[in-house]
Structures are given as C-alpha cells and as structure tokens.
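Top to bottom, those sequences are chains A and B.
Position one of the first sequence corresponds to residue 1 (this note's numbering), numbered consecutively onward.
Position one of the second sequence corresponds to residue 1 (this note's numbering), numbered consecutively onward.
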Amino acid sequence: MIGIYHYLGVGAALFAIGICGVITRRNAIGVLIGVELILNAANVNLVGFSRHGGGLDAQVFSIFVIVLAAAEAAVALAIILQMFDKRSEVDVDRASLLKG
Amino acid sequence: MNELLNKDLPAYIPWIVLAPTLAGLIQNFFGKVLPRKGDIVVIAGMGVALVLSLLTLFHWINLAPGEYMHWHTTWFSVAGGIDFHVGIMVDGLTAAMLVVVTLVSFLVFLFSSQYMKGDPYYHRFFFWLSFFATAMLILVVADNLLLLFIGWELVGLCSYKLIGFWSQDLANAEAAKKAFITTRIGDVGMLIGLMMLYNAAGSFAFSDVFAAVQSGVISGDVLTWAGIGLFLGAAGKSAQFPFHVWLPDAMAGPTPVSALIHAATMVAAGVYLAARMFPIFTPEALQYIAWTGGITAILGSIIAVTQTDIKKVLAYSTISQLGYMIMGVGVGAPWAAMFHLCTHALFKACLFLGSGSVIHAMHHAQELKDMGGLRKKLPITFWTFVISTAALAGLPLTSGFLSKDAILAQALHSPTPGVQPLFWIGLAAAFLTAFYMTRMVWLCFMGQPRNQEKYDHAHESPWQMTVPLVVLALFSIGLIWGGFEEKFFRTPADYTFFPDNEFVQGAYVAPGEHLHEHGHPFWFYACAVGVGVGGIALGLMLFARGKRDQDTKLLPGSLHDLAKGKFYLDEFYLNGFIGGWNKVAAAANVADSRVVDGLVNNVGSGGLLAGDLCGDADQLVVDGAVNGVADVTQAAGAVASAAQTGRLRNYLTAAVFTTAIGLLILILL
C-alpha cells in the first residue's frame, strides 16, 4: 500500500535533485531542467495530498502548476535563446551584468 | 528787483557786481568757442562795471553830508528767529573803492589781453580775473561783516589760483600755497574778532556793530582784542609784519595779476577793512595797528633796496606802502589811509604793468642785470614808469605827495598814544622809497644795456598795454586828486556810522584838522619834500655818477646781508613753526602708524585668526560629520556589496540553506 509518505519521499527526492541541479549547473538549460524538477516535486506533493483526503482542489492546483511550468519553460527558453544569440553562451555565472 | 531796492540805492548799483559776474560766467562756459577765448566779454563786463561805478561816485557826491545809500534784505534765518541780512551799502569809502577797483581791473584786463596772448590757459586766466573782480566788488559793497568775509575769502581763493597760474613750475605752486596759508592764519584772528563782535552786537551789520560799540555793550579789553583779531585778518591780507612773507613770493604769478591783486586791490582790502572798522578800535588796538604799519613800512623799504628782481623790488615797495596805510589807520586818520590806498593803487598798478611791459619786451627776463638803457626801446613805458615813480617817491605835484604827507602829518599829531616816533620812521621809509625807486629806474631804463642780446630784441608793447599805462600814469598827477579827502571823509559825520563815542572822537583826526590847528609848519613840508628829493638825489649820485650796478651793497655789510636775506623771517618760520610742525606731524604719523594702524591691524589679524579657527572647526567638525556619514555608508556598502556576486547560483544556495536552517530550527524547537 502506497501511503502519503511515499509521495512525500518521492517529492522530497525530486525537490532535492532539482535544487542540486539548479545550484550546481552552470548551463542555463540544466538550471531550467532543475527548476522543472522542483515544480514537479511540488506537483507530486499536491497529488499525494489530494489522494489522502485533500480533495480535488490540490489536483486542480497541480494542473495550474503544469500550465505555469509550460509557460515558464517557454519564457525561459526564449530568454536563453536570446542570451545565446547575444553572447554565444548560456553560462548563468557569467550573466552577472547587473552586479554592482 | 526795483521794488526790493531801497529808494536810496539806485537800481544800477547791483549791476556793478552782476556785470562782471555774468561776463565771467559767459566766458567760463562759452569761452573756448568764442573768438579770442571770450576775453572781450570779460573786458566789456568790467567796462560796464567801471561806467556804473563812476555813476555811483557822482551820485554819492551829490548826496547831502552824512547820507549814504543802503539796501538790504533777509538772507536766511536760523532757529530762534535770528535773521541774517545781506545788503549793499555805498558810502564815501565804498564809492572810492568801487571806482579804484573797477578802473584798475578794466585796465589790467585790457593789458592782460596782450600780455597773456598765446598762453595755453588764456581762457582760464580770464575767468579767474573776472571771478576775482566779482569777489572784490562783493567785499567792497558788503554792508555786513559776514558778506565782507565771504568776499574776503573768495579774493583769497582767486589770489591762490592766479599766483599758481603757471603751476607746472613747482615753485609757483609753492608760492600760491604759501600765500594762501599765510593769509589764512591772519583770517583765524579775523574770524575770532568777527565772532566776538557778533556775540556782542547780535548782528554782522556794520551799523549794528558800531551801535553796540557806541552803547558800550562791548568795551575795554574785550573790544581791544576783538579789534586786534579783526586787524590780524587785515594784516594777513595786506601783507603786514609778520605776515608779509607771502607777498614777495606771490610775484610768481603773471605780472597783470601782481598789478591787480597784489598791488592795487586785494592787498588793499586789509586797509579797507581797517578803515571800515575804524570805529571799533580802542586806543590800545590803534597803537598796535600803528606800530605794525610803521614796522612794516620801514622793513619793506629796507629789503627793497637789496632786491635785484624788478618785480621783487615792487613787491617790497608794496609791502612798505601798505604799512604806510595801516599806520595811517593806526594814527587815527583812516581817510588818509584810504586816500593813500587810492593813489597807491593807481600808481603802483602803473608801475607793475610797466614792469610787465618791460618783462614782456625782454621775453620774460625780470632780473635787473639783464636790463639797462631800455628808455630808448620802450619810451612810453619809460615815461609812465618815471611819472609813477615820482608819485611813489612823494615828489610835490604828484598824487603820492598828497596822500603820503597826509599820513605823515597825522602821525605827527596823532591822538593815539605813543605813536609819535612813527613820524620819523615814516620819513625814513619815504627816504628809502625814493632811493630804491631811483635805483630801479636807473638800472632798468638808464645807463648802458647790460645784456646786449636781450636789448636788441626788446620792443615797445602794443596799444592794449601802453594805453593802460598812460591812463594810470595820468592819475599820478596831484591835481586830479585835489580835495579828494575833504570830499570823501570830511567829518566824523560823513565817515559813515561813525559813533559819537568819546574815545573814537578823540582818536579821529579829520582831514587838515591838525594842520590847521598847528598851522603849516615849514619844517614839516621841508622834511616831506626833502626825503623824497634826497632819496632821488642819493640814488642818482650813486648810480648815475658812481656807475654802480645792481650788485653793489648799498647798506652796511651785516645790514645788507640781513635785508638781502629778508631778515630771515622765512627761515625763522620754516625752522621755528613749519619745521616744528613737521616734527609734530611726523610724531603724529608714527603714533598713527604704530598705535592706530597697529590697533586696526591687530583687530584685522585677530579676525583672520578667528576666521581660520572657524574654518578649521567647520572643516573638521561639520564637514567631518558629513564626510564621516558618507564614508561609513560607503564602507558598509562595500562590505555589503561583497556578498552580491551577481551569480544566481550563489543567491539560490544562500536562500536554500537559509530556509533549510530556518526549517531545522523550527523543527527542533
């Protein structure tokens, strides 16, 4: 029987992997992938809570998150494309023009 | 103007003063564009004044004895209802002075138009001449002491400007300064006398002052000192001992100026004042006046003997003759002084203009050593000069004989105590006068030329210069003056405002009075004629027969040196007063630069120091605070900005770990 902790465990693992990806990756694509993992960790948590007495509200919420993630991916990829177009690289460490 | 004038005063009389004034103003403002620099305007203005003065004279002669013409109006009022009046008064004294002043002025103006020809400041010269005439006429017609004093100072100013007319030469400017300051010293006395009289009479008008003296409001020693104070002003103006030192130096001015101002009119103003104010002089004051005049007369004539500059001889002669006049006032015969003033003004103006003619002919050489034999080159100048010299020497049939002997006669019988020796001093001065004039005439006109080059270039002057000489020389003839003093100053009643005061009555000697009382002593006339003839004879003997020249020492050795050095009065003043004064000034200067300047400087440097301190405080404290805030902010910013790496991953890491630590703390608690 799969309980709430299984969901939460998978969610936490996904979140941790995502965070690690975002923190360690210098490639913007990698960072974007990490962000997707974090979002989906949240989705897993939401689905798990829906399954165990949360009602459909949480599932609706996760649908929103998926839509949001798609929109976010589209915007982020557009930014990355522009970045590549301007600088011929996608290293987030070097995108530090706004540093004081 | 008509309704303002008292009916006693003809309406044309103010124009005697106004005509030269207007002419002077026109010439001053438009002189540069008018033909001949506007000198014709000035001469014409003076001509008008001369004609009107003659009218005034005849008008006055026709008045009844004791009458005079007077008009006055309120000039200004001061708080307390005190009015100051201004007015015109014409009596015998004024009428005679008016004619003398306007006649000499007119002739001198005419003379100047040639003498000053080509001078770059020709127009300015004529303006000052004209201004002088105005001031002198104001002085003469004034009916009160205040207006007289104004005219008095104005003529002093004109004298100053004209002596220093060629002020490019520093010596001329110095001479002008000396004349101005010396006369000012006398004027201090005059001002004091004036104030004393005003204090007593409450008015400056002659009539009020005389009334105050008569009623005894002011008397005794106070009156004596007021009189002497007033006389000091006259002594300064008339170059009386010890103020006479300025007049010889005043010869630095152009010769027409010397003739007009320093021989005929301005220097005579002192005598006029003394004669005008005669009623206020106490016997003690008269004594002082008489002796001042006598000393000046003899001193001037002694110095004149040793001078070698033609104008200087005449200057000392003028001093000597003014001394005579002052002596005349002092011995109680102001009419004789005024008589001598009038005759002297005309023949001395003639002599000065004659010397101007000589100087003009000699191209501005005025030393006797360059002259000699000029009678052939300058016949008109020569003859007019000789006639005037005869008058100055007091030869019979000349004007000088009448007036000079009138003074001597009164000195002999003067009611003023203790002045009888002045008769002998006067005689000695007359003798010396005849002698030095003979010397000068001989050295100038007779004998052989001593400077052939200058002699060859000499030429007679044009008519504008010779006509005044001839006219003035005519007035040296005694007949013209017949009965002058009887007409003008016959009795105390005719002597306007003469109070019936006992002592003044005693002091006053009417013309001829004493001679009639005492008869006509033969020895008196013998003396009077004898000194004149004797002086001339001695002069001719020494110079015509003895062939002496200008450098011969005529006086005993030490006296000659003393006289040649002008009795060292200049040096005495220079060392005694001016030197001492300069020391005082130097000391004051030191005190000023040390103490006052030091004080100011110390205050200044104190302020500077305080300012520095304030500046420092401002920079350290206020600026320090502001800068400190800025520095701290900047340092904090630098520290804080170190955390801002600009790397997203670092931020995220920090956020994650912070959240994690926060969660950990929440869980553990």
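Note that CB positions come from ideal geometry on N, CA and C, so glycine has one too.
What you are looking at is a predicted structure, and each value in this text was computed from that prediction instead of being measured.
To which residues of the same chain is L4 of chain B closer than 8 Å at the C-beta, ignoring the five residues directly before and after it?
Reliability of the predicted coordinates at L4 of chain B is poor, the pLDDT of 36 falling under 50, and no value is obtained from them.
Tell me where the alpha helix (DSSP H) around V441 of chain B begins and ends.
P421 to F445
Short Cβ contact (7 Å threshold) for A670 of chain B with L322 of chain B
Past the boundaries of the shown model lies residue 670 of chain B; chain B is included only from 1 to 669, so the question cannot be answered.
Can the beta-carbon of I218 of chain B be found less than 7 Å from the beta-carbon of A212 of chain B?
yes
For a quick check, are the C-beta atoms of S320 of chain B and A429 of chain B less than 7 Å apart?
yes
Anything in the segment 629–662 of chain B with a Cβ closer than 8 Å to a Cβ of chain A? List those residues in chain order, please.
S641, Q644, T645, G646, R647, L648, R649, L652, T653 and V656
Contact list for the segment 3–27 of chain A against chain B, Cβ threshold 9 Å:
I19, V22, I23, T24, R25 and R26
Can at least three beta-carbon pairs, one atom from the segment 391–398 of chain B and one from the segment 258–271 of chain B, be found at a separation below 8 Å?
no
How about G330 of chain B and I289 of chain B: do their beta carbons lie closer than 7 Å?
yes
Classify W152 of chain B: buried if its beta carbon has 16 or more other beta carbons within 10 angstroms, exposed otherwise.
buried
If I'm right that T292 of chain B touches G236 of chain B with Cβ under 8 Å, what's the distance once you round it to whole angstroms?
With a Cβ gap of about 11 Å, T292 of chain B and G236 of chain B do not count as contacting.
How about K178 of chain B and D249 of chain B: are their beta carbons less than 7 Å apart?
yes
Just how far apart, CA to CA, sit S112 of chain B and V101 of chain B?
16 Å
Is the CB of R92 of chain A under 7 Å away from at least one CB in chain B?
The residue asked about is misnamed: residue 92 of chain A is Val in this sequence, not Arg. For V92 of chain A, the nearest CB of chain B lies under 7 Å from its own CB, placing it at the interface with that chain.
Enumerate in chain order the residues of its own chain whose CB-to-CB distance from R450 of chain B is below 7 Å, with the five nearest sequence positions on each side excluded.
Exclusion of the five residues before and after R450 of chain B leaves K369, D370, M371 and G372 as the residues of its chain whose Cβ lies within less than 7 Å of its Cβ.
Proximity winner among B:F125, B:M327 and B:V90, relative to W424 of chain B (alpha-carbon distances)
B:M327
Rounded to whole angstroms, how far is the Cβ of V104 of chain B from the Cβ of V141 of chain B, which I believe are closer than 8 Å?
Actually they are not in contact, since the Cβ atoms of V104 of chain B and V141 of chain B sit about 16 Å apart, beyond 8 Å.
Using DSSP with H/G/I as helix, E/B as strand and the rest coil, what is F76 of chain B?
strand
How many Å lie between D623 of chain B and V595 of chain B at the Cα?
Distance from the CA atom of D623 of chain B to the CA atom of V595 of chain B, rounded to whole angstroms, is 39 Å.
If we ignore side chains and look at the alpha-carbon of each, how far apart do G580 of chain B and L232 of chain B end up?
23 Å
Distance, Cα to Cα, C670 of chain B vs G607 of chain B?
What is shown of chain B runs 1 to 669, which leaves residue 670 of chain B out entirely.
List, in chain order, every chain B residue whose beta-carbon is nearer than 9 Å to that of S96 of chain A.
T645, G646, R647 and L648
Could you tell me if F522 of chain B is buried or exposed, where buried requires 16 or more neighbouring beta carbons within 10 angstroms of its beta carbon?
exposed
With the cut-off set at 7 Å, would you say C444 of chain B and S388 of chain B are in Cβ contact?
no
For the segment 8–20 of chain B against the segment 82–94 of chain A, are there 3 or more C-beta pairs whose distance is under 8 Å?
Not touching, per the Cβ criterion.
Starting from the Cα of F132 of chain B, find the closest Cα among B:F524, B:V78, B:L18 and B:E453 and give me that residue.
B:L18
Per DSSP, the bridge partner or partners of N27 of chain A:
A:D91
Is DSSP giving I82 of chain B helix, strand or coil here?
strand
Along the chain, where does the alpha helix (DSSP H) that runs through Y115 of chain B open and close?
G92 to Y115
Rounded separation between F503 of chain B and V358 of chain B - CA only:
Any reading at F503 of chain B must be qualified, since the residue scores a pLDDT of 46, below 50, and its modelled position is unreliable; the value itself is stated next. Between F503 of chain B and V358 of chain B, the C-alpha separation is close to 49 Å.
Considering only residues of the same chain and omitting the five flanking positions on each side of G270 of chain B, which have a CB-CB separation below 6 Å?
A234, K237 and S238
Tell me, please, which residues DSSP counts as bridged to E367 of chain B.
B:D309
Does the beta-carbon distance from P402 of chain B to F352 of chain B come in below 7 Å?
This sequence places Leu at residue 402 of chain B; Pro is not what is there. No, these two residues do not count as a Cβ contact at 7 Å.
For S87 of chain B, three-class secondary structure by DSSP:
Going by the sequence as given, residue 87 of chain B is Gly instead of Ser. Annotated three-state conformation of G87 of chain B is strand, per DSSP.
Hey, would you say V471 of chain B sits closer than 7 Å to L93 of chain B, going by beta carbons?
No. Outside cutoff.
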